[in-house]
Amino acid sequence: MSGRGCGGNLIIKTVSGFLIPFIQLFALYLAAHGDLGPGGGFQGGTIFAASLILYAIVFGLDEGREKVYEKAAGVMAAAGVLVFGGIGLLCMAAGGSFLQYSSLLPGKVKTAYHLGIYGVEIGVGLAVAGALLLLFMKTAGSRDD
Amino acid sequence: MFEAAALMIALAAALALRRAIAGPSIYDRILAVNVIGTKTVALLALIGFIYGRPHFLDIAITYALINFIATIAFLHFKEKGNLRI
């Protein structure tokens, strides 16, 4: 573990290991509460990416796990855009216009809006978390220079 | 009451900002920025009470978590010279 992560700093490792699950739980709470309070998919995704970046800084990533992280981040970003656009196109296929949730469940407008906004928030959160993680891996994680 | 406390915390943050500008070593500046972040958390909670909007507590928690991550990243950068992981 020489030179990787924060070396052997016990305090930083213990505090980070204790905090990272709570940060991720809070990120999920923010993403799920987007329509009731502050926050939403973008903020939740940002905080989720921040927790993963904290893990990468403190504990370090070896060569193989770095590759997996990069690939997973790219897949996450693309999947988020796909979820967002997919819900929008699903609304069009159901007879409405782009992102018109009420066409998804005819007769139950409130439920349709709730589920539609929820799905879009999840898509935005995935896309933002993946893109931020990818930016961090590409700028800070390279060992070539 | 809450307004007076908020004003005093803003004053304390201003004093910490003075230390961040004048601080002789990099560690003084990092600690001053960390203190300003902590004051901001308390200020956000107080503003939430002043305006009667409990949602501000969520923002305060977010600010505390991000502040912690920023401090760790700063110190890591100072020690290693880059953010290479």
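So the sequences go chain by chain: A and B. Sequence positions in the first sequence follow my numbering and run 1 to 145. Sequence positions in the second sequence follow my numbering and run 1001 to 1085. Built from N, CA and C at the ideal position, the CB exists for glycine as well.
query	result
Buried/exposed call for A/G64, threshold 16 Cβ in 10 Å	exposed
Chain A contacts made by the region 1057-1070 of chain B, where a contact means CB separation under 8 angstroms	D1058, I1059, I1061, T1062, L1065, I1066, F1068 and I1069
Chain B contact residues for A/F26, given Cβ-Cβ distances below 9 angstroms	D1058, I1061, T1062 and L1065
Whole-angstrom distance between A/L126 and A/K67, CA atom to CA atom	19 angstroms
Own chain, CB closer than 8 angstroms to A/L134, minus 5 neighbours either side, in chain order	E70, A73, G74 and A77
Contacts that B/A1073 makes with chain A (C-beta to C-beta distance below 7 angstroms)	I57
A/S103 - containing alpha helix (DSSP H), residue span	A/S103 -> no alpha helix (DSSP H), and no H or E assigned at all.
Closest by C-alpha distance to A/L132, when choosing among A/L25, A/L52 and A/T14	A/L52
Close beta carbons around B/L1017, own chain, < 8 angstroms, minus the five adjacent residues each side	A1032 and I1036
Cβ shell of A/F84 (< 8 angstroms), same chain only, five flanking positions each side left out	V120, G123, V124 and A127
Contact with chain A by B/L1083, beta-carbon distance below 7 angstroms	yes
Integer-rounded CB distance, given that B/I1050 should sit under 8 angstroms from B/A1006	7 angstroms
Cβ pair B/V1041, B/Y1063 closer than 7 angstroms	yes
Beta carbon proximity, A/L54 to chain B, threshold 7 angstroms	yes
Rounded C-alpha distance that separates B/F1077 from B/L1083	6 angstroms
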